[in-house]
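Residue numbers (my numbering): 166 to 404. No residue lacks a Cβ here, since even glycine has one placed at the ideal position from N, Cα and C. This report concerns only the one structure given below.
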C-alpha cells in the first residue's frame, strides 16, 4: 500500500488527475451495473465505498476528536479531567464485544442512549415543533398583506396554512365516537377535518417523495455527464 502511495506521489499532477478520473469512471460504471442485476462488480464497488467511508470516519474521529482531547488530558489533567471520564466510558463500551465482560458496557450504553434521546427530544421541540407552531400563527386579514388582489391572495394562502395545520393535528390527536346516537354536527365536522388532514398529509408526503426523486435524478445526471466527459476525453486522447 505504501508503495502505491509513493508511486502516486512521484507522478505529475496531470497523471494523478487522469488516474483519479479513471478510478471514478470505473467505479461509477460498477455501481450503474446494478441495473443489469446484482453482480460482483456492484458488490465490489459497494464494499469499497462502505470501507472507504468507515476508514475516513475513523480517521476523522481520531485526528479531530480523540487525539486532541487525549493530548489535553495528558498535558493538563487538572483542567481537562472530565475527558478521562469520557475515555473510561468509551473503553467500557468496547467491553460489549467480549461476552464475559459485556455487562460493563451497560453503563456507557445507558449514558449514550439517554443523552441521545434528550438531545433528539430537545432538538425536535426547539428546532421543529416550536418553529412550526410559530409559523402557523398567521394573520388572515388582507389589509396586513397589502391592497388589492395581492392582499387577498396572501390572506387566502395564510388561511389554508392554518386550516391545514389544524386538520393534520385533528388527525393525530382526536377521535370521533362510533355510537350513531352521538353523531352530532361536531362529529361530522371532526370527520371533515380528519379527511382534509389526511389529504394534506398525502400532499406533503408526495412533495417529499418528489423532492427525493429530483435529488436522485440530479445526482444521476451529474454522474452521466461525468461519464460523457470521460468518454470524450478518452476518445480525444486515443485519436
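Check                                                                                                                  : Outcome
Distance, residue 285 Cα to residue 324 Cα                                                                             : 31 Å
Counted within 10 angstroms of its Cβ, other Cβ atoms place residue 296 as buried (16 or more) or exposed              : exposed
Three-state secondary structure assigned by DSSP to residue 203                                                        : coil
Local Cβ density within 10 Å of residue 287, reported as buried at 16 or more and exposed below that                   : exposed
Supposed contact pair residue 190 and residue 385 - C-beta distance, whole angstroms, cut 8 Å                          : In fact, because the Cβ distance is near 15 Å, the residues do not count as touching under 8 Å.
Supposed close pair residue 258, residue 238 - CB separation, criterion 8 Å                                            : Wrong, their Cβ atoms sit about 18 Å apart, outside the cutoff.
Residue 373 in three-state terms, based on DSSP                                                                        : helix
Which of helix, strand or coil DSSP assigns to residue 406                                                             : Nothing in the structure corresponds to residue 406, since the chain is present only between 166 and 404.
For residue 315 and residue 304, the rounded distance between their alpha carbons                                      : 14 Å
Spatially closest choice to residue 301 from 256, 320 and 236, by CA coordinates                                       : 320
Meets three-Cβ-pair contact criterion under 8 Å: the stretch 206 to 226 and the stretch 238 to 256                     : no
Nearest-angstrom beta carbon gap, residue 359 and residue 335 [assumed within contact, 8 Å]                            : 6 Å
Spatial neighbours of residue 404 in its chain, beta-carbon cut-off 8 Å, leaving aside the 5 residues before and after : Residue placement at residue 404 is flagged as unreliable, the pLDDT there being 47, under the threshold of 50; the coordinate-derived value follows with that caveat. Closer than 8 Å at the Cβ level, and outside the excluded window around residue 404, lies no residue.
4 or more residues per run - each alpha helix (DSSP H) lying fully within the stretch 212 to 243                       : 232 to 240
Unbroken alpha helix (DSSP H) run spanning residue 261, endpoints                                                      : No alpha helix (DSSP H) holds residue 261; DSSP gives it neither H nor E.
Distance, residue 388 Cα to residue 400 Cα                                                                             : 18 Å
Beta-carbon proximity list for residue 329, same chain, < 8 Å, skipping 5 on both sides                                : 361, 362 and 365
With 16 other Cβ atoms within 10 Å as the buried cut-off, status of residue 372                                        : exposed
Spatial distance of residue 270 from residue 260 (CA atoms)                                                            : 6 Å
C-beta contact flag for residue 214 and residue 207 at 8 Å                                                             : no
Every unbroken alpha helix (DSSP H) inside the stretch 278 to 305 [4 residues or more]                                 : 295 to 301
For residue 182, the three-state DSSP class (helix, strand or coil)                                                    : helix
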